[in-house]
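Beneath this line is the structure, given in structure tokens, with notes to follow.
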Amino acid sequence: MAKQTIRYDSDRGPSAKPLIVLTVLAVLLLVAVPISILVALFMIVFGHVTGGFAVIGVTLLAAIVSVVVAGASGIRHLQRIVEHKSFRVVQLGRRDYHYEGDNCGHDHSNDEIRII
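The opening residue of the sequence shown carries number 929 in the numbering used here; numbering runs sequentially from there.
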């Protein structure tokens, strides 16, 4: 039977709810860009040139800003999770790198592990 741990509210990592909201907002604004371009083209065809270009510009600017904010908050959230003390990172030992299915005929037990 596996050991169970009890996590209290103070032990939990940072909440992902704001990140989810920002990501959904970014996706919705990205979906709105083609729709706004069609609306702007109709506005331009029917004589509202300035308004049409304004619709395109505002929609593109909002979509770009929302994607950048969602990306930046996602990176910050990932950093918080990694820095949180309950997040366990295990360093592999030398014997953890051994693969039993290696049938090349050589003894690799004394091989040096190098990261290139």
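Glycine included, each C-beta is placed from N, C-alpha and C at the ideal position.
Skipping 5 residues on each side, what residues in its chain have a beta carbon closer than 6 Å to that of A954? The beta carbon of A954 is closer than 6 Å to those of S994, V995, A998 in its chain, skipping five residues each way along the sequence.
Measuring straight from C-alpha to C-alpha, what distance separates L957 and G980? If you take the alpha carbons of L957 and G980, they lie about 17 Å apart.
Relative to the C-alpha of V967, which residue among V952, T951, G985 is closest? For the residues V952, T951, G985, the minimum Cα distance to V967 belongs to G985.
Burial state of T978, where buried means 16 or more other Cβ atoms lie within 10 Å: Burial call: exposed.
Helix or strand or just coil, what does DSSP make of A960? It is helical.
On the three-state DSSP scale, how would you describe F970? F970 carries a helical assignment under DSSP once its states are collapsed to helix, strand and coil.
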